[in-house]
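Encoded as structure tokens, the structure appears first; notes follow it.
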Amino acid sequence: MKKKLVMIVGPTAVGKTRVSVETAKLLDTEVISADAMQIYIGMNIGTAKIREDEKQGIPHHMIDLVYPDEKFTVSDFKTQSGAIIEQLHLNDKIPVIAGGTGLYINSLIYKLNFSNTISDDRVRSELNQLLETKGKVTLHRMLESIDPIAAGKIHVNNAKRVMRALEVYHITGRPFSASNTDFRDESDDYHFVLIGLEMDRQLLYNRIDQRVDDMVSNGLIDEVMVLRAQGYGRNLTSMQGIGYKEIMQYLDHEITLEESVRIMKRNTRRLAKRQFTWFKADNRIKWIHVDPINIDQTLKDVQNYLSERGIL
RNA sequence: GGCGCCAUAGCCAAGUGGUAAGGCAGAGGACUGCAACUCCUUCACCCCCAGUUCAAAUCUGGGUGGCGCCU
Numbered sequence: 001m002k003k004k005l006v007m008i009v010g011p012t013a014v015g016k017t018r019v020s021v022e023t024a025k026l027l028d029t030e031v032i033s034a035d036a037m038q039i040y041i042g043m044n045i046g047t048a049k050i051r052e053d054e055k056q057g058i059p060h061h062m063i064d065l066v067y068p069d070e071k072f073t074v075s076d077f078k079t080q081s082g083a084i085i086e087q088l089h090l091n092d093k094i095p096v097i098a099g100g101t102g103l104y105i106n107s108l109i110y111k112l113n114f115s116n117t118i119s120d121d122r123v124r125s126e127l128n129q130l131l132e133t134k135g136k137v138t139l140h141r142m143l144e145s146i147d148p149i150a151a152g153k154i155h156v157n158n159a160k161r162v163m164r165a166l167e168v169y170h171i172t173g174r175p176f177s178a179s180n181t182d183f184r185d186e187s188d189d190y191h192f193v194l195i196g197l198e199m200d201r202q203l204l205y206n207r208i209d210q211r212v213d214d215m216v217s218n219g220l221i222d223e224v225m226v227l228r229a230q231g232y233g234r235n236l237t238s239m240q241g242i243g244y245k246e247i248m249q250y251l252d253h254e255i256t257l258e259e260s261v262r263i264m265k266r267n268t269r270r271l272a273k274r275q276f277t278w279f280k281a282d283n284r285i286k287w288i289h290v291d292p293i294n295i296d297q298t299l300k301d302v303q304n305y306l307s308e309r310g311i312l
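So for the first sequence, the numbering used here puts the first residue at 1; every next one is plus one.
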């Protein structure tokens with residue numbers, strides 16, 4: 001029998017945290033975060049990481065795993081969270097997975113096999129060299145000659161993805177597109193229930209604006225200053241996170257604080273939009289409306305859906 | 001009341017006779033080891049009316065609205 005899994009997804013600031021805690025309470029289980037930024041230690045305010053008092057005693061996993069300058073990939077996420085899921089199942093608990101990082105979510109429930117396509121820093125830096133010296137068009141042509149399918153799918157301007165495809169080919173000797181066939185195929189490891197939280201766009205945007213303001217008044221600048229003092233530079237993936245890169249720019253006197261806040265809000269809105277796009281493409285998601293004024297209704301809807309699907 | 005200037009997308013703004021740059025904001029989309037990343041697509045018949053012209057956002061006249069100065 002397949003193991004059960006409850007997944008709660010949706011854009012930033014819809015209220016995933018609240019709903020996931022309540023759901024976990026209901027199921028007497030634990031929460032696994034699927035968020036690419038909350039894995040970093042010391043990045044709390046800007047990532048809207050769940051606070052101790054919000055957890056209500058529910059254990060949370062996949063948070064605070066690495067330092068901001070450490071590498072962490074989807075593959076790491078898949079294996080580490082997979083182990084936790086297994087452990088919970090052993091204890092007869094149905095894990096609640098909550099997060100907004102679509103790729104992480106998909107790594108668990110779809111057939112994304114990362115095991116045969118490793119990464120190689122040497123190849124990577126060589127490709128970066130090539131990008132510098134020859135340019136993105138040349139890289140894309142290289143890809144075209146070895147893997148026309150992938151080249152057709154990846155835009156010339158998307159140098160990052162072009163390089164990844166080349167990297168995979170160089171390491172494995174097999175075209176990137178070869179491992180790309182069953183992207184949206186359902187994994188047969190789990191019986192999962194996928195819940196998407198949605199909210200009126202304008203309302204969500206207002207909440208985002210408000211949340212950014214709150215972050216700043218709750219000490220985001222100090223948080224970034226501390227990270228900066230610890231030597232974490234702007235080029236790190238972690239510091240590319242929204243809130244961090246903009247405050248860094250402010251601290252480096254490139255923009256005013258006002259401007260920084262404006263851009264943070266905009267970037268967060270764009271993130272939310274991209275998250276919607278990602279999840280909308282997945283027709284297995286049951287969308288549940290969130291009304292912040294009446295969160296109880298949302299919780300009720302979630303509960304009903306869970307019993308409907310035989311989880312409760 | 002008179003004189004002058006201006007009127008282009010939600011905002012900023014280029015274009016001074018040949019069929020509407022660009023930026024910002026928005027919308028849609030892609031995404032298999034950096035994913036809060038990276039990337040793609042998309043958004044106006046130029047205030048209104050009349051005229052000149054093969055052709056007008058661009059020229060002319062009138063109207064309307066705004067800004068400035070003067071009385």
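Glycine residues also receive a C-beta, built at the ideal position from the N, C-alpha and C atoms.
Whether residue i touches residue j by CB criterion (8 angstroms)
{"i": "H140", "j": "K4", "result": "no"}
{"i": "A353", "j": "P11", "result": "Missing from the structure shown is residue 353; the chain here goes from 1 to 312 and no further."}
{"i": "T298", "j": "I311", "result": "no"}
{"i": "D189", "j": "K2", "result": "yes"}
{"i": "L194", "j": "M7", "result": "yes"}
{"i": "F279", "j": "G102", "result": "yes"}
{"i": "K136", "j": "V162", "result": "yes"}
{"i": "D212", "j": "M142", "result": "A small fix is needed here, since residue 212 is Val in this sequence, not Asp. Contact: no."}
{"i": "V21", "j": "E54", "result": "yes"}
{"i": "G46", "j": "G196", "result": "no"}
{"i": "M248", "j": "R234", "result": "yes"}
{"i": "I39", "j": "I63", "result": "yes"}
{"i": "T17", "j": "I50", "result": "yes"}
{"i": "S177", "j": "I149", "result": "yes"}
{"i": "D120", "j": "I171", "result": "yes"}
With 16 other Cβ atoms within 10 Å as the buried cut-off, status of residue i
{"i": "F183", "result": "Residue placement at F183 cannot be trusted, given a pLDDT of 49 that sits under 50; the coordinates are not used to answer."}
{"i": "V19", "result": "buried"}
{"i": "E52", "result": "exposed"}
{"i": "V14", "result": "buried"}
{"i": "H155", "result": "exposed"}
{"i": "T277", "result": "exposed"}
{"i": "A48", "result": "buried"}
{"i": "Q129", "result": "exposed"}
{"i": "I293", "result": "exposed"}
{"i": "L27", "result": "buried"}
{"i": "A34", "result": "buried"}
{"i": "S260", "result": "buried"}
{"i": "V168", "result": "buried"}
{"i": "N283", "result": "exposed"}
{"i": "S125", "result": "exposed"}
{"i": "R164", "result": "buried"}
{"i": "V66", "result": "exposed"}
Beta strand (DSSP E) segment containing residue i, residue limits
{"i": "Y190", "result": "190–198"}
{"i": "I97", "result": "96–99"}
Coil, strand or helix - residue i by DSSP
{"i": "M7", "result": "strand"}
{"i": "H155", "result": "coil"}
{"i": "Y40", "result": "strand"}
{"i": "F183", "result": "Below a pLDDT of 50, predicted positions are generally treated as unreliable, and F183, at 49, falls in that range; no measurement from the model is reported."}
{"i": "V14", "result": "coil"}
{"i": "A34", "result": "coil"}
{"i": "K2", "result": "coil"}
{"i": "H289", "result": "strand"}
{"i": "H89", "result": "helix"}
{"i": "I171", "result": "helix"}
{"i": "G82", "result": "helix"}
N- and C-terminal bounds of the alpha helix (DSSP H) containing residue i
{"i": "S107", "result": "102–109"}
{"i": "L139", "result": "136–146"}
{"i": "Y232", "result": "First-last for Y232: undefined, no H or E at that position."}
{"i": "K265", "result": "257–280"}
{"i": "N206", "result": "201–217"}
{"i": "Y67", "result": "Where Y67 is concerned, there is no enclosing alpha helix (DSSP H), given that its DSSP letter is neither H nor E."}
{"i": "S177", "result": "Counting along the chain, S177 falls outside any alpha helix (DSSP H), and DSSP gives it neither H nor E."}
{"i": "M239", "result": "Per DSSP, M239 belongs to no alpha helix (DSSP H) and is neither H nor E."}
{"i": "K55", "result": "52–55"}
{"i": "K300", "result": "295–308"}
{"i": "E254", "result": "Here E254 belongs to no alpha helix (DSSP H), and DSSP marks it neither H nor E."}
Best match in the options for proximity to residue i [C-alpha to C-alpha]
{"i": "E198", "options": "G241, E254, V302, L227", "result": "V302"}
{"i": "M37", "options": "V74, I221, V14, D53", "result": "V74"}
{"i": "L236", "options": "V31, K16, H89, M43", "result": "M43"}
{"i": "N304", "options": "P292, T268, K286", "result": "K286"}
{"i": "D252", "options": "I32, F279, I221", "result": "I221"}
{"i": "R266", "options": "A48, Q210, G82, E254", "result": "Q210"}
{"i": "V224", "options": "A83, I208, G243, V193", "result": "G243"}
{"i": "H61", "options": "T47, D69, I84", "result": "I84"}
{"i": "I32", "options": "Q240, I171, P175, I97", "result": "I97"}
{"i": "L108", "options": "D76, K93, S145, S125", "result": "D76"}
{"i": "Y232", "options": "D69, P59, T29", "result": "D69"}
{"i": "N91", "options": "N158, D296, E30", "result": "E30"}
{"i": "R207", "options": "V226, E259, V290, K160", "result": "V290"}
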